[in-house]
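In the UniProt record's numbering, the protein residues as written are 1 to 184.
See the structure below:
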(Lines of atoms letter the chains of each structure in order from A; the text may use other names.)
(Lines give C-alpha, C1' and ligand atoms only; values in the text may rest on other atoms or scores of the structure.)
Protein backbone atom coordinates (compact mmCIF):
# COMPACT_ATOMS: atom_id res chain seq x y z
CA UNK A 1 0.00 0.00 0.00
CA UNK A 2 1.42 3.36 -0.96
CA UNK A 3 0.70 6.76 0.60
CA UNK A 4 -1.96 7.67 -1.97
CA UNK A 5 -3.80 4.36 -1.43
CA UNK A 6 -3.60 4.88 2.33
CA UNK A 7 -5.05 8.37 1.95
CA UNK A 8 -7.93 7.03 -0.11
CA UNK A 9 -8.57 4.27 2.44
CA UNK A 10 -8.88 6.72 5.33
CA UNK A 11 -10.92 9.16 3.22
CA UNK A 12 -13.44 6.33 2.69
CA UNK A 13 -13.52 5.32 6.38
CA UNK A 14 -12.93 8.35 8.59
CA UNK A 15 -15.09 11.41 9.21
CA UNK A 16 -13.70 14.60 7.63
CA UNK A 17 -12.20 16.01 10.85
CA UNK A 18 -10.29 12.79 11.61
CA UNK A 19 -9.22 12.50 7.97
CA UNK A 20 -7.72 16.01 8.14
CA UNK A 21 -6.05 15.11 11.47
CA UNK A 22 -4.51 12.02 9.88
CA UNK A 23 -3.15 14.08 6.98
CA UNK A 24 -1.56 16.40 9.55
CA UNK A 25 -0.06 13.49 11.47
CA UNK A 26 1.34 12.03 8.25
CA UNK A 27 2.93 15.32 7.21
CA UNK A 28 4.31 16.01 10.70
CA UNK A 29 5.66 12.47 10.98
CA UNK A 30 7.43 12.78 7.63
CA UNK A 31 9.13 16.00 8.74
CA UNK A 32 10.15 14.53 12.11
CA UNK A 33 11.52 11.43 10.36
CA UNK A 34 13.66 13.57 8.07
CA UNK A 35 14.95 15.55 11.04
CA UNK A 36 15.68 12.54 13.26
CA UNK A 37 16.92 10.00 10.72
CA UNK A 38 13.95 7.66 10.48
CA UNK A 39 12.36 6.51 7.22
CA UNK A 40 10.08 9.36 6.03
CA UNK A 41 7.96 7.03 3.88
CA UNK A 42 7.23 4.67 6.76
CA UNK A 43 6.53 7.63 9.03
CA UNK A 44 4.07 9.15 6.55
CA UNK A 45 2.35 5.79 5.98
CA UNK A 46 1.99 5.01 9.70
CA UNK A 47 0.82 8.57 10.35
CA UNK A 48 -1.76 8.35 7.59
CA UNK A 49 -3.19 5.07 8.87
CA UNK A 50 -2.78 5.44 12.64
CA UNK A 51 -6.48 6.19 13.35
CA UNK A 52 -8.05 4.11 10.58
CA UNK A 53 -10.33 2.13 12.96
CA UNK A 54 -10.88 4.88 15.54
CA UNK A 55 -14.59 5.10 14.76
CA UNK A 56 -15.26 1.38 14.50
CA UNK A 57 -17.73 0.13 17.14
CA UNK A 58 -16.11 -0.86 20.44
CA UNK A 59 -17.29 -4.46 20.09
CA UNK A 60 -15.58 -4.73 16.70
CA UNK A 61 -12.31 -3.38 18.14
CA UNK A 62 -12.62 -5.82 21.04
CA UNK A 63 -13.10 -8.74 18.64
CA UNK A 64 -9.97 -7.75 16.72
CA UNK A 65 -7.96 -7.58 19.95
CA UNK A 66 -9.28 -10.89 21.26
CA UNK A 67 -8.61 -12.85 18.08
CA UNK A 68 -4.98 -11.72 17.83
CA UNK A 69 -2.43 -13.52 20.01
CA UNK A 70 0.05 -10.70 19.33
CA UNK A 71 -2.16 -8.08 21.03
CA UNK A 72 -2.35 -8.02 24.81
CA UNK A 73 -5.85 -8.47 26.19
CA UNK A 74 -4.77 -6.04 28.93
CA UNK A 75 -5.95 -3.21 26.69
CA UNK A 76 -9.52 -4.26 27.39
CA UNK A 77 -9.14 -3.37 31.09
CA UNK A 78 -8.30 0.23 30.17
CA UNK A 79 -10.00 3.03 28.30
CA UNK A 80 -11.66 2.13 25.01
CA UNK A 81 -9.80 5.17 23.63
CA UNK A 82 -6.66 2.99 23.54
CA UNK A 83 -8.12 0.07 21.63
CA UNK A 84 -7.98 1.59 18.14
CA UNK A 85 -4.18 1.66 18.11
CA UNK A 86 -3.41 -2.09 18.30
CA UNK A 87 -6.66 -2.95 16.50
CA UNK A 88 -5.75 -0.54 13.69
CA UNK A 89 -2.36 -2.15 13.19
CA UNK A 90 -4.01 -5.57 13.00
CA UNK A 91 -6.67 -4.22 10.63
CA UNK A 92 -4.21 -2.79 8.10
CA UNK A 93 -2.14 -5.96 8.24
CA UNK A 94 -5.18 -8.16 7.61
CA UNK A 95 -7.00 -5.94 5.09
CA UNK A 96 -4.23 -4.14 3.23
CA UNK A 97 -1.37 -6.63 3.49
CA UNK A 98 0.96 -4.30 5.37
CA UNK A 99 3.56 -6.54 6.99
CA UNK A 100 6.20 -3.97 7.87
CA UNK A 101 6.54 -4.44 11.62
CA UNK A 102 8.07 -0.99 12.07
CA UNK A 103 4.96 0.61 10.60
CA UNK A 104 2.62 -1.74 12.45
CA UNK A 105 4.33 -1.16 15.81
CA UNK A 106 4.35 2.61 15.30
CA UNK A 107 0.59 2.41 14.78
CA UNK A 108 0.02 -0.05 17.63
CA UNK A 109 1.80 2.07 20.25
CA UNK A 110 0.78 5.56 19.15
CA UNK A 111 -1.64 5.99 22.07
CA UNK A 112 0.30 4.37 24.93
CA UNK A 113 3.95 4.45 24.02
CA UNK A 114 6.12 1.71 25.44
CA UNK A 115 9.55 1.05 26.89
CA UNK A 116 12.39 1.10 24.35
CA UNK A 117 10.37 2.73 21.59
CA UNK A 118 12.05 2.92 18.21
CA UNK A 119 12.51 6.33 16.65
CA UNK A 120 9.63 5.63 14.27
CA UNK A 121 7.36 4.71 17.19
CA UNK A 122 8.36 7.92 18.98
CA UNK A 123 7.71 9.93 15.83
CA UNK A 124 4.16 8.64 15.35
CA UNK A 125 3.42 9.00 19.07
CA UNK A 126 4.64 12.59 18.96
CA UNK A 127 3.19 13.55 15.56
CA UNK A 128 -0.26 12.51 16.74
CA UNK A 129 0.11 14.91 19.67
CA UNK A 130 1.64 17.92 17.91
CA UNK A 131 0.20 17.92 14.38
CA UNK A 132 -0.88 21.43 13.29
CA UNK A 133 -4.59 20.89 13.96
CA UNK A 134 -4.05 20.19 17.65
CA UNK A 135 -4.84 23.08 19.97
CA UNK A 136 -4.72 22.52 23.71
CA UNK A 137 -2.69 23.92 26.62
CA UNK A 138 0.97 22.93 26.39
CA UNK A 139 1.02 21.69 22.80
CA UNK A 140 3.08 24.65 21.56
CA UNK A 141 5.75 23.95 24.18
CA UNK A 142 5.99 20.32 23.07
CA UNK A 143 6.15 21.43 19.42
CA UNK A 144 9.03 23.75 20.26
CA UNK A 145 10.92 20.99 22.09
CA UNK A 146 10.30 18.61 19.15
CA UNK A 147 12.39 20.97 17.03
CA UNK A 148 15.49 20.17 19.07
CA UNK A 149 15.03 16.78 20.78
CA UNK A 150 12.83 13.84 19.88
CA UNK A 151 13.34 12.13 23.24
CA UNK A 152 12.68 15.26 25.28
CA UNK A 153 9.49 16.00 23.32
CA UNK A 154 8.23 12.42 23.78
CA UNK A 155 9.12 12.63 27.48
CA UNK A 156 7.16 15.86 27.86
CA UNK A 157 4.18 14.36 26.03
CA UNK A 158 4.25 11.31 28.29
CA UNK A 159 4.55 13.49 31.38
CA UNK A 160 1.66 15.72 30.34
CA UNK A 161 -0.51 12.76 29.38
CA UNK A 162 0.08 10.96 32.67
CA UNK A 163 -0.63 14.11 34.69
CA UNK A 164 -3.80 14.72 32.66
CA UNK A 165 -5.05 11.17 33.30
CA UNK A 166 -4.18 11.34 37.00
CA UNK A 167 -6.00 14.67 37.35
CA UNK A 168 -9.07 13.10 35.75
CA UNK A 169 -8.73 10.05 38.05
CA UNK A 170 -8.40 7.76 35.04
CA UNK A 171 -6.32 4.61 34.81
CA UNK A 172 -2.94 4.87 33.11
CA UNK A 173 -1.91 1.98 30.89
CA UNK A 174 1.22 0.36 32.39
CA UNK A 175 3.26 0.64 29.19
CA UNK A 176 2.79 4.42 29.33
CA UNK A 177 4.47 4.47 32.74
CA UNK A 178 7.19 2.17 31.39
CA UNK A 179 7.81 4.51 28.47
CA UNK A 180 8.03 7.47 30.86
CA UNK A 181 10.40 5.63 33.21
CA UNK A 182 12.53 4.53 30.27
CA UNK A 183 13.04 8.13 29.15
CA UNK A 184 13.69 9.48 32.66
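Here a beta-carbon is modelled for each residue, glycine too, at the ideal position from N, C-alpha and C.
Please name the residue in the options whose C-alpha comes closest to that of residue i.
i           : options               : result
residue 57  : 70, 177 and 81        : 81
residue 176 : 114, 137 and 149      : 114
residue 110 : 95, 88 and 96         : 88
residue 133 : 2, 10 and 21          : 21
residue 33  : 149, 19 and 64        : 149
residue 117 : 14, 76 and 38         : 38
residue 1   : 104, 172, 165 and 171 : 104
residue 71  : 29, 6 and 107         : 107
residue 26  : 181, 174 and 129      : 129
residue 155 : 119, 69 and 167       : 119
Would you tell me roughly how many angstroms separate the C-alpha atoms of residue i and residue j, rounded to the nearest one?
i           : j           : result
residue 140 : residue 43  : 21 Å
residue 49  : residue 169 : 30 Å
residue 47  : residue 24  : 8 Å
residue 123 : residue 16  : 23 Å
residue 3   : residue 159 : 32 Å
residue 52  : residue 8   : 11 Å
residue 90  : residue 97  : 10 Å
residue 171 : residue 183 : 20 Å
residue 5   : residue 101 : 19 Å
Under DSSP, the alpha helix (DSSP H) around residue i begins and ends at which residues?
i           : result
residue 101 : 101 to 108
residue 143 : 139 to 146
residue 67  : 58 to 67
residue 49  : 40 to 49
residue 18  : 16 to 36
residue 82  : From DSSP, residue 82 is part of no alpha helix (DSSP H); its letter is neither H nor E.
residue 154 : 150 to 167
Where does residue i land, buried or exposed, given buried means 16+ other C-beta within 10 angstroms?
i           : result
residue 157 : buried
residue 79  : exposed
Does DSSP put residue i in a helix, in a strand, or in coil?
i           : result
residue 54  : coil
residue 115 : coil
residue 172 : coil
residue 133 : coil
residue 92  : helix
Is residue i near the ligand COA, with its Cβ less than 7 Å from a heavy atom?
i          : result
residue 41 : Absent from the structure shown: the ligand COA. Ligands present: none.
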